[in-house]
Each structure stands twice: as C-alpha cells, then as structure tokens.
Amino acid sequence: MSEQLKYIVDQLNKEPFNRNYNLISFDSLETLHLLQVLNDVLAEINPQHKLDIREESADQTALRMLNELKILKYKPSEDPSTFRKGLVSAEKPVIYPILVWLFQKRTELKKRAYLARFLVKLEVPPDILQDEQVADAYAQYEELVESFKVLHKESENLKTSGFSASEIRKDIDQMIEEKDQISKRIARLKKRVETVPKHEQMLEVARNFRKEQEKQQELLQQKQEQRNQLHHSEQKLQRMSKQVQDLKQSTVGATAEGLVKKLEEENEVNKYLCDEKIPKEIENMQAACINLENVMNVPAMGQSDLDEIHEKINVLNAETNSLIEKRMMRNDPIDDKLSLFRQQAVIIAGKKETAAEALKEAKDELQQVQQELQEKQSAAKDLGSEEVLKGDDFKAFVNKLRSKSSTYKKKRQDLAELRAEYGVLTRTEEILKQRDEHIQQQLSLLEAKKGVSGYHDTQEELEKVSAIKSELDDMKGRTLDDMSEMVMKLNASIANKKSSLAPIIKELRPLREKAKELQTEYDEKKASYDTLNAGLESNRSKLEQEVRVLHEECSQEESRYHYLNHMLKMIELQQQRVADEMKAYTSSDPSERKKSFRDMYSRKIQEQENLGKSLREKQKSVKASHGPSMKQMKMWQDFELLMECKKRCFYGTQNQEETGQIFRSEVHGEDRLVL
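Position 388, counted from 1, in the sequence shown is what the UniProt record's numbering calls 388; the numbers after and before it change by one each time, with no gaps.
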C-alpha cells in the first residue's frame, strides 16, 4: 500500500495535475475529496467527466464511474458487490489500485476512451426498433460506426508509416530534378552515339536485349506464381483428403440402419420446423403487422374511447369467468380425461418448441463460427499461406517474426537517421543557394557600377560553349583505330607480363610450401600466446577492478571531507551571525541596536501595519463615495445620450426642411416637428 501511495502522490504532483500533495496529506483526504481526485484523473483520460461531484448525487457519481471503468476494461480483484460498495464509500483499498492502473496505462486508456465515444453502440429497445424510421436511422448509425473503424485504421497506419506531406513533396521535387538530369544525360549520350558508325543497329540490339531481359523477368515471375498456386493446390488437396479421412473415421462402425434412422430424425425435425414452427411464427408476425397497421390507421383516441375499451375488456373478462365456472360445475369425466391428454400435448409441444429454438440457436452459432473460419482462412490466404500453423511450426514462425520485427525496427531507425541527415543536407543546400544568390546580386551591382553589366553571365556562357566544343573535339578524336591500337598494346603487355612472371612463379612454389609450414608454426605459437595473454588479461582486469574500487572510495572520502569542511564553515558563520545579533541586541548603544535584525524587522512590520491602516481608511472612503459617484456617472451618461439625441433631431430637422417634407407648427409656444 505504501508503494502504491508513493506512486500516486508522485503522479498527482506532475503535469497536468500539479497537486502539492505529500504522503500524509493525501492519505488523510476525506471521502468526497478522494472521489474528486479519482474523477479528475478520469477527466484527464475522458474530458466528458470534467465536473464537480458535489453537483450530482452519490448514486449518479458511482454509476458514471462504474460505466467508465467498464468501458476502459478495468478488472477489479474484489467481488462486484464489494467493489461497488467500496467505490461508493471511497475506500482506499478500492480507490488506490484504480488510480495506479489509470496512471500506468494513461496513454492507452486515452485512446480507448476516445474510441469508445464512437464505437460503443447505443442500446435501443427492440420495441422501438420496430419503427421503420428508427430502424433506418439505427442501420445508418451502424454503417457510420463501421466506416469510422475503417478510417481510424487508415489514420493509424498513416501515422505509423513515417511519411509526411512535406517529405513526399521533397521527394517529388527531387524526382523531378533527377528526371531533368537524366533527360539531359540522355541527350548528351545521344549526341555522343551519333558520331559512332552503325549506332542505330547497336541501339536496336540493345533494345532487343532489354526486352528479352524484361520477358525473362516476367517468365520468372509467372513461374513463381505457378509454384505458389501449386503449393496452395497441394495444401488444399491435403485438407480435402484430411476431411475425407475424418468422414471415413466418423462412419466407421455405422450401419445402413443407423444412417437411415439419423436421416429420418433429421427429416422429422425439418418437417416439424416447416409444418408447425415456421408457419406459427409467420402467423404471429402477420398478426403483429396487422395489429400495428390497425393501430396506425386508427385515429387518435381520447379518454372517452379508452374508457369504452376498458368497459368492453371488463365485460369479456366477466363472460370468460362465468364460462369457466359453468364448466367446473359440470364436471364431465370425459372432459377430465381429455384435459390430462391436453396437458401432456401442451407439455410435449412446449418441449418441441424449446428443442427447435435450441436447434436454431445451434445452427446460427455454427453458421457464425463457419463464417469466422472462412474470414480467418481468407485473411491467411491474403497473407500468403492457407496452412494453419501448430506447435513447433507456430513457435518457429513467431521467432522468425520477432527477428524480422527487430530487423525492421533497426532499418526504420537507420531510415530515420538518413532522413534527418537528408534534412540537414537540404537545409545546407538552401543556405548555400541563398548565399550564391546574394553573391550574384552583389556581383551584378559591382558590374553595373564598373559599367560592364552582364560580363559574368557572358563569361559563363562562353565557358559552357568552350566546354561543349572541347567535348565534341574529344568525341571526334576517339575512333575505332585508337581502340584497336589499345587492344593490341594490352595483348602485348599481357604476353610480356606472362613471360616475365613464369620464372617468378617457379620460384614461388617452394616458397608457398615453406609459408604453409611457417603458418602452422605461427598458429601453434599464437595459440600458446593467446592462452598466456588470457591469463594475464584476467589478472590485470582483477587488479584494475580493485584499483577502481579504491579510487571510488578515495573520491567518496574526499567529497565527504570537503562537504563536512564546508558545513563546519557555514556553522561557524551562523554562530558568528548569532553572536553579532546578541551583541547588538544587548548593547546599550542605540546606534548598534538599530543594526540588529529584530529591530529592523519590527520597524518594517510597523511600517506595513501603518500602510494597511491607511489603505483600509482609503477603502472606506471609496466605498462611501462609490454609490453617489456611480449615480453621477449614470446621470452624465444619460445627459450625453440626451444631447446626442437632440443633435440628431436638429440635423434631421434641417435636412427635412431643405426637401420641403416637414412643416412647423407652434403649440403652446413650442416648436414641434410634424411628419
């Protein structure tokens, strides 16, 4: 419990809670405050729970927290009833494990709470779902939930793929630049090839060779696909043969009479379903539809109509009761015998219906399991294998998958480093381009000042033209004669080298045998050296370890000595300050007494008290004059509005007099505007 308490307090003191708790203050929290802390942690995971628990009842709080913990899939170690009681009463053995679990899996639970807002389906009663509009809306709601699942998976895949829009844009720009460079290189190569004789025939041969290589790759790919299909077919054949073998084993010991009896039982069950159960269900559904249509077609009923229907129901109940009484009074023995058989028939019919329901549920479950099996097989087929691994094969597959995963993580880390380095290089390239542009601008300004503007550009163009001309000259100078001369020279040099190396090779053979003998002797010497070196190395490592331990002890003692020395100096300074304070306080000289900290702080306290008194008096005067001042300000605002209204009326009167639409009339000595 103490470890849990320490962990909880540490987490609550961090971001985003920032609670200044210690072990004692948190452990002494009341029930309401502890529930509020749990609610705040849940609100950090799911913001919908961000509220004050004093605003709702205890039952609502417990129900809300239980639902949220159920959605987050918290599994308590106590019984459900004990857990609910402990959560309502905020018992520490129940609350502390919840807080520890929430802190440990906060990021995972945030994601789960976010998904639960969209994936936890609303519970709609079946009687309400019978309405067509509600059913359509609920079907549309389920479709939206499925589409949200698909979009969320795509979003997660994109987040974990490591690609971003800026990187893709940079890759596209880089590809465009590479495309331009390749097109320029192709153009240069075409110019070089045009000078070679029969270049068109050579290009045609190279083109045909490339086509044949592509065709060979396609044939290899087709061959691989056919091998995969053959492998899948063999696996399918093995499964089918296994199914046949299972069927044969299941029919071992079965006779024709048993098979016929089994088929007859199945036939009876299907006959009962088709002749009795399904028609009854259809009739009930039709009757329910007819009743619903009648209810829809009947106009809205008032209280009088409802009273009339209740009276009819009472009359029919009374008639039914009277008929039952007459029948009981009659006591016909034939009817008594028939009632026994009727009861047995009803019991048998009930058993048939329950058996049919159980059969239907089993068939539905079997169909669902088969569908899941087909989905799993299709998923395995998409992954490239239909075979279900078991035992050692599955373990080998898991180990292989782990090795691939580690390799993938390593490659991904290398890729991230390369991307970071690529980002640094691109930034460096941009900076150099900016510097080049700045230098070009300065150069153009200098050329303009000197009166030779455009000289640099002209010089670059001339250099490019001269470089192109030199390349063309080199291309013209390379001919087939040079190549043939070079081949002849190479052949001659190879023959000379062979003739000169022949005696050396003869001398080398005995030297090789001697080298082998020396190599064996060297290996023996090296083995003995390695053993001796290993022993000395182990002794050296032990001594180094001892020296390292002694150095650490020495450094610890030195640090402890310096620490104690500094602490002693600090204590001496504090003692000196205390002695000075006592001397100043007990001194009879008033100038020295003023220097003591006690007098200085007492003066400051007195000054602050005087300042507080003056501020309180000022506050009283402000409060006393606040009401009249606000009233006066309101009067001035009203006066300002009145003058503004008079101003607008005055300007409006002048405008209307100019157009001739306003007449003046004097009533009781006042001028009034008549519209």
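Every residue gets a Cβ at the ideal spot worked out from N, C-alpha and C, and that includes glycine.
Review point. What number of angstroms, rounded off, separates the C-alpha of glutamate 386 from the C-alpha of glutamate 517?
Key: Taking the first residue of the sequence shown as position 1, residue 386 is located at position 386. Taking the first residue of the sequence shown as position 1, residue 517 is located at position 517. Note that glutamate 386 scores 47 on pLDDT, short of 50, meaning its location in the model is unreliable; the coordinates nonetheless yield the value given after this. Between glutamate 386 and glutamate 517, the C-alpha separation is close to 59 Å.
Review point. Per DSSP, what kind of secondary structure is serine 444 in: helix, strand or coil?
Key: Reading the sequence shown from its first residue, position 444 is the one you call residue 444. Three-state result, serine 444: helix.
Exercise for review: Below 8 Å on the Cβ atoms is my guess for alanine 584 versus serine 596; work out the distance and round it to an integer in Å.
Suggested key: Residue 584 sits at position 584 when you count from the first residue of the sequence shown. Residue 596 sits at position 596 when you count from the first residue of the sequence shown. The Cβ separation is near 4 Å, so the contact holds.
Check your understanding: Pick from Asp180, Glu178, Lys179, Leu203: whose alpha carbon is nearest that of lysine 190?
Key -> As a position in the sequence shown, residue 190 is number 190, starting the count at 1. The shortest Cα separation from lysine 190 among Asp180, Glu178, Lys179, Leu203 belongs to Leu203.
Review point. Any idea what DSSP makes of threonine 586, helix, strand or coil?
Key: Here residue 586 corresponds to residue number 586 of the sequence shown, with the count starting at 1. Here threonine 586 sits in helix by DSSP.
Exercise for review: Just tell me which of Ala90, Asp599, Ser25 has its CA closest to the CA of leucine 35.
Suggested key: Taking the sequence shown and counting its residues from 1, one reaches residue 35 at position 35. Cα-wise, what sits closest to leucine 35 is Ala90.
Review point. On the premise that leucine 23 lies in contact with leucine 5, defined as a C-beta separation below 8 Å, what is that separation, rounded to the nearest angstrom?
Key: Counting from 1 along the sequence shown, the entry for residue 5 is found at position 5. Counting from 1 along the sequence shown, the entry for residue 23 is found at position 23. Yes, leucine 5 and leucine 23 are in contact; Cβ-Cβ is about 6 Å, under 8 Å.
Exercise for review: Taking all protein chains shown into account, decide if proline 333 is buried (16 or more other Cβ within 10 angstroms of its Cβ) or exposed.
Suggested key: Taking the sequence shown and counting its residues from 1, the one referred to as residue 333 is at position 333. Its pLDDT being 49, under 50, proline 333 is placed unreliably by the model, and the measurement read from it follows with that caveat. By the 10 Å Cβ count, proline 333 comes out exposed.
Point to revise | Cutoff 6 Å; reference leucine 675; Cβ partners in own chain excluding five residues on either side | key: Counting from one through the sequence shown, the residue named residue 675 turns up at place 675. Any reading at leucine 675 must be qualified, since the residue scores a pLDDT of 36, below 50, and its modelled position is unreliable; no value is offered.
Check your understanding: So is threonine 61 buried or exposed if we call it buried at 16+ other beta carbons inside 10 Å?
Key -> Here residue 61 refers to the residue found at position 61 when the sequence shown is read from its first residue. The residue in question, threonine 61, is buried, as its Cβ has 16 or more Cβ neighbours within 10 Å.
Check your understanding: In angstroms, rounded to a whole number, what distance separates the CA positions of isoleucine 571 and threonine 586?
Key -> Along the sequence shown, one-based indexing puts residue 571 at 571. Along the sequence shown, one-based indexing puts residue 586 at 586. One C-alpha to the other measures close to 22 Å.
Practice item. Taking only the alpha-carbon atoms, compute the straight-line gap between serine 81 and glutamine 343 and give it to the nearest angstrom. Key: The count along the sequence shown starts at 1 and reaches residue 81 at position 81. The count along the sequence shown starts at 1 and reaches residue 343 at position 343. In a straight line, the C-alpha of serine 81 is about 43 Å away from that of glutamine 343.
Check your understanding: What are the boundary residues of the alpha helix (DSSP H) that includes serine 25?
Key -> As a first step, residue 25 is located in the sequence shown; it is residue number 25 there, counting from the start. First-last of the alpha helix (DSSP H) with serine 25: 23-27.
Check your understanding: Are the beta-carbon atoms belonging to leucine 99 and valine 9 less than 8 Å from one another?
Key -> Position 99 of the sequence shown holds residue 99. Position 9 of the sequence shown holds residue 9. No; because the gap between Cβ atoms is not below 8 Å, this pair is not in contact.
Check your understanding: Quick one: Cα of asparagine 496 to Cα of leucine 490, how far?
Key -> Here residue 496 is taken as the residue at index 496 of the sequence shown, counted from 1. Here residue 490 is taken as the residue at index 490 of the sequence shown, counted from 1. In a straight line, the C-alpha of asparagine 496 is about 10 Å away from that of leucine 490.
Check your understanding: What do you get for isoleucine 468, buried or exposed, if any count of 16 or more other CB atoms within 10 angstroms of its CB means buried?
Key -> By one-based count along the sequence shown, residue 468 stands at place 468. It is exposed - the Cβ of isoleucine 468 has fewer than 16 other Cβ atoms within 10 Å.
Point to revise | Alpha-carbon spacing of glutamine 374 relative to glutamine 238, whole angstroms | key: Numbered from its first residue, the sequence shown carries residue 374 at position 374. Numbered from its first residue, the sequence shown carries residue 238 at position 238. Computed Cα separation, rounded: 17 Å.
Practice item. With DSSP as the reference, label proline 333 as helix, strand or coil. Key: Residue numbering aside, residue 333 sits at position 333 when the sequence shown is read from its first letter. Note that proline 333 scores a pLDDT of 49, beneath 50, so its modelled location is shaky and nothing firm can be said.
Review point. From methionine 29 to lysine 92, what distance separates their C-alpha atoms?
Key: Here residue 29 is taken as the residue at index 29 of the sequence shown, counted from 1. Here residue 92 is taken as the residue at index 92 of the sequence shown, counted from 1. For the sequence presented, residue 29 should be read as leucine rather than methionine. Looking at the two C-alpha atoms, the distance is approximately 10 Å.
Practice item. Decide if isoleucine 313 is buried, meaning its Cβ has at least 16 other Cβ atoms within 10 Å, or exposed. Key: Residue mapping note: residue 313 aligns to position 313 of the sequence shown, counting from 1. Result: exposed.
Exercise for review: Could you tell me whether the Cβ atoms of valine 94 and glutamate 78 are closer together than 8 Å?
Suggested key: Along the sequence shown, read from residue 1 onward, the residue named residue 94 stands at position 94. Along the sequence shown, read from residue 1 onward, the residue named residue 78 stands at position 78. Result yes, Cβ atoms of valine 94 and glutamate 78 sit closer than 8 Å.
Review point. Where asparagine 46 and lysine 73 are concerned, what is the direct C-alpha to C-alpha distance, given to the nearest angstrom?
Key: As a first step, residue 46 is located in the sequence shown; it is residue number 46 there, counting from the start. As a first step, residue 73 is located in the sequence shown; it is residue number 73 there, counting from the start. Straight-line Cα distance between these residues: approximately 14 Å.
Review point. Skipping 5 residues on each side, what residues in its chain have a beta carbon closer than 6 Å to that of lysine 50?
Key: Within the sequence shown, residue 50 is the residue found at index 50, counting from 1. The answer, listed in chain order, is Ala43.
Review point. Taking the alpha-carbon positions, what's the residue 699 to glutamine 619 distance?
Key: In the structure displayed, the chain extends from 1 to 675; residue 699 sits before or after that span and is not available.
Review point. Since leucine 66 and arginine 84 are thought to touch, with beta carbons under 8 Å apart, how far apart are those beta carbons, to the nearest angstrom?
Key: For the purposes of this step, residue 66 is taken as residue 66 along the sequence shown, with counting starting at 1. For the purposes of this step, residue 84 is taken as residue 84 along the sequence shown, with counting starting at 1. That belief holds up - the Cβ atoms of leucine 66 and arginine 84 are roughly 7 Å apart, short of 8 Å.
**Study point:** Closest residue to glutamate 266 among Ser405, Ala515, Leu359 (Cα-Cα distance)
**Key:** Along the sequence shown, one-based indexing puts residue 266 at 266. When only C-alpha atoms are compared, the closest one is Leu359.
Check your understanding: For proline 76, which of helix, strand or coil comes out of DSSP?
Key -> The count along the sequence shown starts at 1 and reaches residue 76 at position 76. Reduced to three states, the DSSP call for proline 76 is coil.
Check your understanding: What did DSSP end up calling glutamate 123 once you bin it into helix, strand or coil?
Key -> To locate residue 123, count along the sequence shown from 1; it is residue 123. Three-state DSSP puts glutamate 123 in coil, outside helix and strand.
**Study point:** Under the three-state DSSP convention, the category asparagine 13 falls into
**Key:** Residue numbering aside, residue 13 sits at position 13 when the sequence shown is read from its first letter. Coil.
**Study point:** Proximity below 8 Å, CB of lysine 277 to CB of alanine 396
**Key:** Here the question's residue 277 lines up with position 277 in the sequence shown. Here the question's residue 396 lines up with position 396 in the sequence shown. No. Outside cutoff.
Exercise for review: Drop a sphere of 10 angstroms on the beta-carbon of asparagine 294, count the other beta-carbons inside from all chains shown, and report buried for 16 or more, exposed for fewer.
Suggested key: Locating residue 294 in the sequence shown gives position 294, counting from the first residue. Asparagine 294 should be labelled exposed.
Practice item. Indicate whether valine 120 and isoleucine 168 have their beta-carbon atoms separated by less than 8 Å. Key: The residue you call residue 120 lines up with position 120 of the sequence shown. The residue you call residue 168 lines up with position 168 of the sequence shown. Contact: no.
Review point. Is tyrosine 138 near valine 124, with beta carbons less than 8 Å apart?
Key: Here the question's residue 138 lines up with position 138 in the sequence shown. Here the question's residue 124 lines up with position 124 in the sequence shown. Yes, the pair counts as a contact, with Cβ atoms nearer than the cut-off.
Practice item. Please list, in chain order, all residues of the same chain as valine 667 whose beta carbon is under 8 Å from its beta carbon, the five residues on each side excluded. Key: On the sequence shown, position 667 is the one that residue 667 refers to. In this prediction, valine 667 scores a pLDDT of 40, lower than 50, which makes its location untrustworthy; no coordinate-derived value is stated.
Check your understanding: Helix or strand or just coil, what does DSSP make of asparagine 533?
Key -> Locating residue 533 in the sequence shown gives position 533, where the first residue counts as 1. Looking at asparagine 533 - three-state DSSP - the assignment turns out to be helix.
Exercise for review: Determine the contact status of leucine 144 and alanine 135, defining contact as a CB-CB distance below 8 Å.
Suggested key: Along the sequence shown, one-based indexing puts residue 144 at 144. Along the sequence shown, one-based indexing puts residue 135 at 135. Not closer than 8 Å, so no.
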